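Residue numbers (my numbering), protein chains in the order written: chain P, 79 to 405; chain B, 79 to 405.
All C-beta atoms, glycine included, are put in the ideal place defined by N, C-alpha and C.
Keep in mind it's a predicted model, so treat the numbers as computed, not measured.
Below: the structure, in structure tokens.
Number of protein chains: 2
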Amino acid sequence: MADVAARAGVSLKTVSRVVNDAPYVQPELAERVLAAVAELGFRRNHLASSLRSGQATATIGLLIEEIANPFYATIAGTAAEIARQRDTMLIIASSEEDPVREQQLLRDLCARRVDGLLIVPAGSPGGSDHSFLRAEVELGTPAVFLDRPAGNLRADTVLLDNRGGAREGVRGLVAASHRRIAVLLDSIGVHTMRERLDGAQDALVEAGAPYDERLVRDGVRDPAAARRVVAELLERPDPPTAFFSLNNRITLGVVEELYRRRSDAALLAFDDFELARLVPYPLTVIAYDTRAMARTATELLFRRIDGDRSWPRTVTLPTELVERGLR
Amino acid sequence: MADVAARAGVSLKTVSRVVNDAPYVQPELAERVLAAVAELGFRRNHLASSLRSGQATATIGLLIEEIANPFYATIAGTAAEIARQRDTMLIIASSEEDPVREQQLLRDLCARRVDGLLIVPAGSPGGSDHSFLRAEVELGTPAVFLDRPAGNLRADTVLLDNRGGAREGVRGLVAASHRRIAVLLDSIGVHTMRERLDGAQDALVEAGAPYDERLVRDGVRDPAAARRVVAELLERPDPPTAFFSLNNRITLGVVEELYRRRSDAALLAFDDFELARLVPYPLTVIAYDTRAMARTATELLFRRIDGDRSWPRTVTLPTELVERGLR
DNA sequence: CTGAAAGCGCTAACAC
DNA sequence: GTGTTAGCGCTTTCAG
Numbered sequence: 079m080a081d082v083a084a085r086a087g088v089s090l091k092t093v094s095r096v097v098n099d100a101p102y103v104q105p106e107l108a109e110r111v112l113a114a115v116a117e118l119g120f121r122r123n124h125l126a127s128s129l130r131s132g133q134a135t136a137t138i139g140l141l142i143e144e145i146a147n148p149f150y151a152t153i154a155g156t157a158a159e160i161a162r163q164r165d166t167m168l169i170i171a172s173s174e175e176d177p178v179r180e181q182q183l184l185r186d187l188c189a190r191r192v193d194g195l196l197i198v199p200a201g202s203p204g205g206s207d208h209s210f211l212r213a214e215v216e217l218g219t220p221a222v223f224l225d226r227p228a229g230n231l232r233a234d235t236v237l238l239d240n241r242g243g244a245r246e247g248v249r250g251l252v253a254a255s256h257r258r259i260a261v262l263l264d265s266i267g268v269h270t271m272r273e274r275l276d277g278a279q280d281a282l283v284e285a286g287a288p289y290d291e292r293l294v295r296d297g298v299r300d301p302a303a304a305r306r307v308v309a310e311l312l313e314r315p316d317p318p319t320a321f322f323s324l325n326n327r328i329t330l331g332v333v334e335e336l337y338r339r340r341s342d343a344a345l346l347a348f349d350d351f352e353l354a355r356l357v358p359y360p361l362t363v364i365a366y367d368t369r370a371m372a373r374t375a376t377e378l379l380f381r382r383i384d385g386d387r388s389w390p391r392t393v394t395l396p397t398e399l400v401e402r403g404l405r
Numbered sequence: 079m080a081d082v083a084a085r086a087g088v089s090l091k092t093v094s095r096v097v098n099d100a101p102y103v104q105p106e107l108a109e110r111v112l113a114a115v116a117e118l119g120f121r122r123n124h125l126a127s128s129l130r131s132g133q134a135t136a137t138i139g140l141l142i143e144e145i146a147n148p149f150y151a152t153i154a155g156t157a158a159e160i161a162r163q164r165d166t167m168l169i170i171a172s173s174e175e176d177p178v179r180e181q182q183l184l185r186d187l188c189a190r191r192v193d194g195l196l197i198v199p200a201g202s203p204g205g206s207d208h209s210f211l212r213a214e215v216e217l218g219t220p221a222v223f224l225d226r227p228a229g230n231l232r233a234d235t236v237l238l239d240n241r242g243g244a245r246e247g248v249r250g251l252v253a254a255s256h257r258r259i260a261v262l263l264d265s266i267g268v269h270t271m272r273e274r275l276d277g278a279q280d281a282l283v284e285a286g287a288p289y290d291e292r293l294v295r296d297g298v299r300d301p302a303a304a305r306r307v308v309a310e311l312l313e314r315p316d317p318p319t320a321f322f323s324l325n326n327r328i329t330l331g332v333v334e335e336l337y338r339r340r341s342d343a344a345l346l347a348f349d350d351f352e353l354a355r356l357v358p359y360p361l362t363v364i365a366y367d368t369r370a371m372a373r374t375a376t377e378l379l380f381r382r383i384d385g386d387r388s389w390p391r392t393v394t395l396p397t398e399l400v401e402r403g404l405r
């Protein structure tokens, strides 16, 4: 910057003004500065600038499980889009469901002085403890939680109506006279899974239907496991007449096995997915608007960054039942 | 840091040493410093640190079209994973296929003094001009290009064998006696699309098959458009007996229309996709390893960051033919 | 092994 | 309108 100033025959501060589009600079001087900038290939150091000016690194941090997962990719895309409108960059960090890693990454993000944090908590057993963020939040790094609530921290949170959605879906099955409904889930340690299971039970209890624990299968980690569980359940003496899959990876396996067996069991699935309409099995999907969730959270975050100090709020977004699959 | 030093009764520099795990600090002093750090809730300012120490922001920039697209999400995930092993954060920016925006974002990333750049060029007509990066690269910000070549810049590049893959796939169709092969593509302006089309023509020319321009349809932007084009082509007096879809969004539409009509046309498709095995139509897919591509590029980038000044190289990764779909 | 001083590149606060 | 001075939080350099 000093070089530019020398070359343009002005002071360092004037260069700073020009580079930052500050008002009250003579056009003539500005032009000379711009010329010098071009000649010298000068590029402003954003780090130094935000070091001096206190906050405003024009960067927000997003902490998720893993970027490659389409659900998180959608969240990241939405957050990036909104951030872009404010000339803010997005740093994405993946916790891979590890609370220790999550905490490290969050601390690192704070050390980089991001303007705010968007967090999908790692959902492993016990959940993560986010109390260490309290200090950061008070020091001016707001945090908004997405999809899952924070652990031990009062903060803005945007959730889906997992319980309500599951309840409504299972009510549909019950109304179609299903009583033996198998439920397949990934991990009961994850908040969303617990909520969805609770919703299913709500509907069953309401209907006075028996709740058979043997029909609930936890630990279904991938499509292959789902196929095995479906096969096993269907070979029982009193097989379920309906399946409720609590996430879309499980749904893939369930569909494949039901299709293979030309089963006529009903299928209810949490999470919509691209291609759901092309799947060779009729199913009812509990869909939601991932982008709306991410948008809400990101807007909430920017409101905080802009100085909103009101009481933290929790927003719950609705789900919707949709018919999918080829019939 | 000064506060911590005061509290621990040491100099500022000693705090710096302790915080950075530097050797040659008396354990006793270190302990006092750590205690003070904990009491005061001190957190090192990463920005200030890398401002003074020259480079090493432990951040790399990734420029892609859009994060929400699974292809780019996979690239981002792989890059983030490798970066993590080096305690490096990843800033992701989306160009949305706009070369102007691309350039802005790249400049901004440089202004943030990222240690290196991973770039999937915006593929719009004419391609982008990356010559403005030459200065940055020379100033020590290495760049590696992915999936598409750079415009007017010699740099490390990792590509897929688009042409070879398409050639091999179409050879298969030709060997199965197909002569009227329709080709559907998104935009001829994108490098990968041109290469794929060239590969198809290679195979046709080899076989002495007629090349019918009316069977090549550019501008098929989404699945709905693909459906319309398929419908129209099938209603011609001499309909194609095979379809070659140049990307997976197009493939979705083609599958849907062929399935709907219970057609027996052969389908060849560039890009594998999750759920391809569940698609209700037999198809041959030209698959490739996106993660390998991203891994290769990211490793190349870190080698540059570590000081490799050898001649830029271009790596081309192979594709593979795979049978998919329900038969 | 530890500390004092200088300064990374920039901007806030003020004087001119 | 423009320049000067100080200093953001840290690390480098070099003296002890």
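- At least one C-beta of chain P is nearer than 9 Å to the C-beta of LEU168 (chain B).
- In the DSSP assignment, no residue is bridged to PHE380 (chain B).
- Contact annotation: the stretch 328-340 of chain B touches the stretch 347-362 of chain P, with at least three C-beta pairs closer than 8 Å.
- The bridge partners DSSP lists for GLU398 (chain P) are P:ALA365.
- In the three-state reduction of the DSSP assignment, MET79 (chain B) falls in the coil class.
- Going by DSSP, ILE169 (chain P) is part of no alpha helix (DSSP H) but of the beta strand (DSSP E) stretching over 167-172.
- For ALA154 (chain P), the enclosing alpha helix (DSSP H) stretches over residues 148-162.
- For SER172 (chain B), the nearest beta carbon of chain P is closer than 9 Å to its own beta carbon.
- Taking C-beta separations shorter than 8 Å and ignoring five residues to either side along the sequence, the partners of ARG190 (chain B) in its chain run THR135, THR137, GLY139 and ILE169, following chain order.
- Within the stretch 218-295 of chain B, complete beta strand (DSSP E) segments of at least 3 residues are found at 221-224, 234-238 and 259-262, given in chain order.
- Under the three-state reduction of DSSP output, LEU211 (chain B) falls in the helix class.
- Within chain P, the residues placing a beta-carbon under 8 Å from that of HIS124 (chain B) are ASP186, ALA189, ARG190 and ARG191, ordered along the chain.
- Here the C-alpha atom of LEU141 (chain B) lies approximately 40 Å from the C-alpha atom of ALA253 (chain B).
- Taking LEU231 (chain B) as the centre and dropping the five residues before and after it, the same chain places the C-beta of HIS208, SER209, LEU211 and ARG212 closer than 7 Å to its C-beta, in chain order.
- Between the alpha carbons of ARG257 (chain P) and ASN240 (chain P) lies a gap of roughly 21 Å.
- Assigned with DSSP and collapsed to three states, GLY403 (chain P) falls in coil, not helix or strand.
- Taking C-beta atoms under 8 Å as the contact rule, LEU275 (chain P) and VAL261 (chain P) qualify, at a distance of about 6 Å.
- Three or more beta-carbon pairs separated by less than 8 Å link the stretch 159-178 of chain B to the stretch 164-180 of chain P, which places the two stretches in contact.
- Annotated three-state conformation of ILE145 (chain P) is coil, per DSSP.
- If the five residues before and after ARG391 (chain B) are omitted, its C-beta is found closer than 7 Å to the C-beta atoms of ASP234, all from its own chain and listed in chain order.
- Taken through DSSP and simplified to helix, strand or coil, LEU311 (chain P) comes out as helix.
- LEU196 (chain P) sits buried, since 16 or more C-beta atoms from the chains shown fall within 10 Å of its C-beta.
- Put simply, the stretch 315-332 of chain P touches the stretch 344-351 of chain P. At least three CB pairs are less than 8 Å apart.
- Between PRO360 (chain P) and the set P:LEU238, P:GLN181, P:ARG405 and P:VAL96, the nearest pair of CA atoms involves P:ARG405.
- Taking a beta-carbon distance threshold of 9 Å, TYR150 (chain B) counts as an interface residue toward chain P.
- Interface with chain B (9 Å Cβ-Cβ cutoff): PRO358 (chain P) is included.
- Per DSSP, the beta-bridge partners of PHE322 (chain B) are B:VAL261 and B:LEU346.
- At a cut-off of 3 residues, the continuous stretches assigned as beta strand (DSSP E) that sit fully inside the stretch 171-206 of chain B are 194-197.
- 9 Å or more divides the Cβ of VAL268 (chain P) from the Cβ of ARG295 (chain P).
- Using a Cβ-Cβ cut-off of 8 Å, SER128 (chain P) is close to LEU125 of chain B, given in chain order.
- Chain P has no Cβ within less than 9 Å of the Cβ of ILE383 (chain B).
- Under the DSSP assignment, VAL88 (chain P) falls outside any alpha helix (DSSP H); it carries neither an H nor an E label.
- Of the candidates B:PHE380, B:LEU399, B:THR92 and B:THR397, B:PHE380 places its Cα closest to the Cα of ALA221 (chain B).
- Inter-residue distance for ARG272 (chain P) and LEU112 (chain B) is about 40 Å (C-alpha atoms, whole angstroms).
- Using a Cβ-Cβ distance cut-off of 8 Å, the stretch 146-164 of chain B and the stretch 143-152 of chain P are in contact, since at least three pairs of beta carbons, one from each stretch, lie closer than that value.
- For ARG121 (chain B), a Cβ of chain P is located within less than 9 Å of the residue's own Cβ.
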